[in-house]
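See structure below.
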Amino acid sequence: MVLKHAWGADTIAAMEYDTLYYPDSVYTKVATYVSLIDPSAPFSMDLTDYILNEDAIFVMTMRDITTVGKDELADIKAVYLKAKEQGIPFVVLTPATVEQINQFKTEHDFSPMFLSIDGTEVKIIIRSNPGLLLIKKATVIDMWPWRSVPDFEDIYSDYLK
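Numbered continuously in the working numbering, the sequence shown closes out at residue 1492.
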């Protein structure tokens, strides 16, 4: 479920929602995504419909997480932080292992939702490592290699206003 508060939004498991820890005076329940859980596989989630039905969502791709450094991440991280402020979802697609992802998150102070995908599929989406896409209602609006990512304000005024 998604809980909104003065500092942004948090995503938590519905079973963890307790008004003792998430008081109504601070948190507002925005949405619950029960359709993401397949009853035949309750410990996995399919986010395809969620991603394809969002009004706007940023999708970052990383084919090789071990070669992405601060220079390659700087502009994309700035977009992520502004998107988070605006409540626009941001996900990362990568074939990296859980250990590599956790190390990357810690090293770069970068914590969007990471989703696993085959490396060849990531390369098909955008050949840059990393790359960024803006998707609106299942349509790719634009995509940028890491060297050409515009400022969030430009993206917002061109595509999201």
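Ideal Cβ positions, reconstructed from N, Cα and C, are used throughout, including at glycine.
- When I1388, S1479, E1416 are compared, the shortest CA-CA separation from D1402 is found for S1479.
- Looking at the DSSP output, K1408 bridges to nothing.
- In this structure the stretch 1423 to 1434 lies against the stretch 1448 to 1461, because at least three pairs of beta carbons, one per stretch, are closer than 8 Å.
- Per DSSP, reduced to three states, the secondary structure at L1351 is coil, with no helix or strand assignment.
- Linking I1456 to S1356 through their CA atoms gives a straight-line distance of about 42 Å.
- Secondary structure at L1378: coil, using DSSP grouped into helix, strand and coil.
- Taken in chain order, the whole alpha helix (DSSP H) runs of length 4 or more contained in the stretch 1403 to 1490 are 1429 to 1439, 1450 to 1456, 1483 to 1486.
- When secondary structure is reduced to three states using DSSP, I1396 falls in the helix class.
- According to DSSP, residue pairing for M1391 in a beta bridge involves V1423, L1463.
- The alpha-carbon separation between L1404 and E1430 amounts to approximately 19 Å.
- The DSSP-derived three-state label of A1345 is helix.
- Three or more Cβ pairs drawn from the stretch 1464 to 1473 and the stretch 1377 to 1385 lie within less than 8 Å of each other, which places the two stretches in contact.
- Under the criterion of beta carbons closer than 8 Å, V1361 and L1334 qualify as touching, at roughly 7 Å.
- Approximately 5 Å separates the beta-carbon atoms of K1454 and R1394; this is inside 8 Å, confirming the contact.
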